[in-house]
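Colleague: Before anything else, here's the structure in question.
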Amino acid sequence: MTVSTDSSTDQVREWARRHLWLHFTAMGERAPEAPMIVRGEGCYVYDSEGNRYLDGLASLFCVNIGHGRADVAEAGARQAAELGFYSNWSFAHPRAAELAARIAGLTPGDLNRVFFTSGGSESVESAIKLARQYHKLTGNPLKTKIIARMGAYHGTNMGAIALTGIALMRTPFEPVMPGAVHVPNTNTYRLREGDDPLQFAEAVRERILFEGPDTVAAVVMEPVQNSGGCIPPPEGYWQRIREICDEFNVLLVSDEVICSWGRLGTFFGCEKYGYLPDIITTAKGLTSAYAPMGAVIASDRVFEPFEGKSYPFLHGYTFGGHPLSAAVALANIDVLEHEGVVANAAANESAFQEMVESLLDIPIVGDVRGAGYFWGIELVRDKQTKETFSRRDIARLRTELGDDLMKRGLICRVDDRGAPVVQLSPPLIAGPEQFAEMEAALRPALTEAAERMGVK
Ligand SMILES: Cc1ncc(COP(=O)(O)O)c(C=O)c1O
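Residues 57 to 512 (this note's numbering) make up the sequence shown, in order.
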């Protein structure tokens, strides 16, 4: 089927209206009007009406190399001609092996063993199971609990949703996996003067002691927490978390579903902050979403109880390591490396930061935070007191500001999980031209939002 901007658009809209169930979308009055994105090129996407948008969210933090790279997808087509599919259940195939070796060559330290999945939630779910089985095999069968952070999003499977620290997302499905417990995230915006930001790391230690160190299997955290508005770690946080995990034989899982493949200006988020996790979970930018794929990357230490043994990691997905996705991932990594895409993000991250920080003079902008190509703008009712908005006003902001930014040609996320934040996470090929375009949309939209909400 060809989707074009001619009369077939009406037909496609009708199909969507009648049959398509949108994810995380209330299928009420706004759903039929959901923008129909039909084409992408570089940093831009186009809707069925012919409008062009700057994809300031890289299509959910995914399209790191930008849109329209048919050559990357063609690597999948070539693979299909050779071997369309074989699974990784007790069989190997060349592309999965090549990709695993390529990934192991890029990861820091001894993160050398790659278990493929079909996406981020599956990666997190797999890491939970791996941590539990690891401890059972190494003589600590009671180590089953997982510590995650408040406000963080780790996916939708019943384990991953249990780690997700957003009550609203869990309550419809309770009871979720037992044994997931939460600690504060590292948002320092409302700390009082003199407060030590490393208290957030000590909270992890206190929680381990409270739960009982013999019962805690892993700590799962993002290098920069997405949900809540791109929350970076305070200086020294990750080093302290690593020490605490070592003290209690707790595995450190770096959930890099967003923060890997260049998002923070480094291939892996942990490299940005100089810590070495036991497990990395990844997806999204691994293929720049030209094919679905995720991975769990385990250290030699985590793999050791399985190495040369007669029992397996008792876990798998039919599509884990799919040859087409593996071929696409290899082509994507070629682009990230050899076309300097990750280097571009590293070279331009301070220009991006400058642009975002320049918005701080707008009355409604309370805080800007982030790293690399991953920034959040927190909106407040009162800059002096840092007072946030009421739930009703946040809902209003989300709709009105989101619509306004779209009208101005910018797709970004106006998030309301916790505080209201605007999130920016463009393809890593973006540069000063796109930063200027973002500012040209954000400045008037935020200024007018302040006026509408009576913020002075
Ligand atoms: C940190 C993190 N973990 C896990 C997930 C779940 O990934 P997926 O939507 O591919 O299942 C996401 C999705 O955004 C994420 O940001």
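Cβ coordinates follow ideal geometry from the N, Cα and C atoms, glycine included.
1) Relative to the C-alpha of Leu193, which candidate in Tyr367, Thr441 and Val478 has its C-alpha closest?
2) Going by C-alpha to C-alpha distance, which of Lys328, Tyr190 and Glu434 sits closest to Leu307?
3) What residue range does the alpha helix (DSSP H) around Asn388 cover?
4) Mind checking if Ile485 is an interface residue toward chain C, Cβ cutoff 8 Å exclusive?
5) Within the present structure, is the beta-carbon of Glu363 separated from the nearest heavy atom of ligand 1 by less than 7 Å?
6) Going by alpha carbons, who is nearest to Val237 out of Pro279, Gly250, Lys512 and Arg261?
7) Using only the heavy atoms of ligand 1, determine whether one of them is closer than 7 Å to the beta carbon of Val358.
8) Answer with buried or exposed for Glu395, where buried requires no fewer than 16 other C-beta atoms within 10 angstroms of its C-beta.
9) What's the call for Ser530, buried or exposed, on a 16-neighbour Cβ count within 10 Å?
10) Given this structure, state the Cα-to-Cα distance separating Asp166 from Glu181, to the nearest angstrom.
11) With DSSP as the reference, label Trp294 as helix, strand or coil.
12) Pair every Cβ in the stretch 195-204 with every Cβ in the stretch 384-398, then say whether three or more of these pairs are closer than 8 Å.
13) Can you list, in chain order, the residues of its chain whose CB lies under 8 Å from that of Tyr331, leaving out five sequence neighbours each side?
14) Quick one: is the Cβ of Val180 within less than 7 Å of any heavy atom of ligand 1?
15) Going along the chain, which residues put their C-beta within less than 6 Å of some heavy atom in ligand 1?
16) When you compare each of Phe359, Ser381 and Ala156 to Ser344 by their alpha carbons, which one comes out closest?
17) Mark Ser104 as exposed unless 16 or more other C-beta atoms lie within 10 angstroms of its C-beta, in which case mark it buried.
18) Do Gly98 and Gly122 have their CB atoms nearer than 8 Å?
19) What is the DSSP secondary structure of Thr338, counted as helix, strand or coil?
20) Need the endpoints of the alpha helix (DSSP H) that His191 sits in, please.
21) Which ranges does the alpha helix (DSSP H) cover as unbroken runs of at least 4 residues, wholly within the stretch 107-135, from first to last along the chain?
22) Give me the residue from Met83, Arg73, Phe430 and Cys118 with the minimum Cα distance to Gly284.
23) Using the rule of at least 16 other Cβ atoms within 10 Å of the residue's Cβ for burial, across every protein chain shown, is Glu434 buried or exposed?
24) Exposed or buried, which one is Gln490 when buried takes at least 16 other CB atoms within 10 Å?
25) Let me check understanding here. Comparing Cα to Cα, which of Ser406, Ile418 and Gln409 lies closest to Pro3?
26) Just to confirm, is the Cβ distance from Gly432 to Thr173 under 8 Å?
27) Write down every uninterrupted run of the alpha helix (DSSP H) in the stretch 396-479 whose length is 4 residues or greater and which is fully enclosed by it, in chain order.
28) Can you look up Ala152 in the DSSP assignment and give me helix, strand or coil?
29) Any idea if Phe147 is buried or exposed, counting beta-carbon neighbours within 10 angstroms, 16 or more meaning buried?
30) Is Leu416 near Leu502, with beta carbons less than 8 Å apart?
31) I'd like to confirm the pairing. Which residues does DSSP put opposite Asp311 in its beta bridges?
32) Can you tell me whether Phe171 is helix, strand or coil according to DSSP?
33) Just reading off the beta strand (DSSP E) that Lys201 is part of, what are its end residues?
34) Could you tell me whether the stretch 437-457 touches the stretch 467-479, using the rule of 3 or more Cβ pairs below 8 Å?
35) Using the three-state DSSP reduction, which class does Ser283 fall into: helix, strand or coil?
Modeller: Looking at the coordinates:
1) By one-based count along the sequence shown, residue 193 stands at place 137. Minimum Cα distance to Leu193 is reached at Tyr367.
2) Translated into the one-based positions of the sequence shown, residue 307 becomes position 251. Here the closest residue by C-alpha is Tyr190.
3) Taking the first residue of the sequence shown as 1, we reach residue 388 at position 332. First-last of the alpha helix (DSSP H) with Asn388: Pro379 to His394.
4) Any reference to chain C falls outside this structure, which holds one protein chain only.
5) Taking the sequence shown and counting its residues from 1, one reaches residue 363 at position 307. No.
6) On the sequence shown, residue 237 is found 181 positions in, with the first residue counted as 1. Of Pro279, Gly250, Lys512 and Arg261, the residue nearest in Cα terms is Arg261.
7) On the sequence shown, residue 358 is found 302 positions in, with the first residue counted as 1. For ligand 1, not one heavy atom lies less than 7 Å from the Cβ of Val358.
8) By 1-based counting over the sequence shown, the position of residue 395 is 339. Its Cβ having fewer than 16 others within 10 Å, Glu395 is exposed.
9) Since the first and last residues shown for the chain are 57 and 512, residue 530 lies out of range.
10) Taking the sequence shown and counting its residues from 1, the one referred to as residue 166 is at position 110. Taking the sequence shown and counting its residues from 1, the one referred to as residue 181 is at position 125. Distance between the alpha carbons of Asp166 and Glu181 is about 22 Å.
11) As a first step, residue 294 must be located in the sequence shown, where it is residue number 238. Helix at Trp294.
12) no
13) Here residue 331 refers to the residue found at position 275 of the sequence shown. These residues qualify, in order along the chain: Trp294, Gln295, Ile297, Arg298, Leu308 and Ser310.
14) Position 124 of the sequence shown, counted from the first residue, corresponds to residue 180. It does: the Cβ of Val180 is within 7 Å (strictly closer) of some heavy atom of ligand 1.
15) Gly175, Gly176, Ser177, Val180, Tyr209, His210, Gly211, Glu278, Asn282, Asp311, Val313, Ile314 and Ala339
16) The residue labelled residue 344 in the question sits at position 288 within the sequence shown. For the residues Phe359, Ser381 and Ala156, the minimum Cα distance to Ser344 belongs to Ser381.
17) On the sequence shown, position 48 is the one that residue 104 refers to. The residue in question, Ser104, is buried, as its Cβ has 16 or more Cβ neighbours within 10 Å.
18) By 1-based counting over the sequence shown, the position of residue 98 is 42. By 1-based counting over the sequence shown, the position of residue 122 is 66. Yes.
19) Residue mapping note: residue 338 aligns to position 282 of the sequence shown, counting from 1. Strand.
20) For the purposes of this step, residue 191 is identified with residue 135 of the sequence shown, where counting begins at 1. Its alpha helix (DSSP H) spans residues Gly176 to Leu193.
21) 114-117
22) For the purposes of this step, residue 284 is taken as residue 228 along the sequence shown, with counting starting at 1. Selected option, being the one with the closest Cα: Phe430.
23) Working through the sequence shown from its first residue, we reach residue 434 at position 378. With 16 or more Cβ atoms within 10 Å of its Cβ, Glu434 is classed as buried.
24) In the sequence shown, counting from the first residue as 1, residue 490 sits at position 434. The residue is buried, with at least 16 neighbouring Cβ atoms inside 10 Å.
25) The chain is shown from 57 up to 512; residue 3 falls before or after that span and cannot be answered.
26) Counted from its first residue, the sequence shown places residue 432 at position 376. Counted from its first residue, the sequence shown places residue 173 at position 117. No, Cβ-Cβ distance for Gly432 and Thr173 is not below 8 Å.
27) 397-413 and 447-463
28) As a first step, residue 152 is located in the sequence shown; it is residue number 96 there, counting from the start. Ala152 falls in the helix class under three-state DSSP.
29) Taking the sequence shown and counting its residues from 1, the one referred to as residue 147 is at position 91. Per the 10 Å Cβ criterion, exposed.
30) Residue numbering aside, residue 416 sits at position 360 when the sequence shown is read from its first letter. Residue numbering aside, residue 502 sits at position 446 when the sequence shown is read from its first letter. For Leu416 and Leu502, no; Cβs fall outside 8 Å.
31) Looking up residue 311 in the sequence shown gives position 255. For Asp311, which the question treats as bridged, DSSP gives the partners Thr337.
32) In the sequence shown, the residue the question calls residue 171 occupies position 115. If DSSP states are grouped into helix, strand and coil, Phe171 belongs with the strands.
33) Sequence index remark: in the sequence shown, residue 201 carries index 145 (1-based). Counting along the chain, the beta strand (DSSP E) containing Lys201 begins and ends at Lys201 to Arg205.
34) yes
35) Stepping through the sequence shown from its first residue, residue 283 is reached at position 227. Reduced to three states, the DSSP call for Ser283 is coil.
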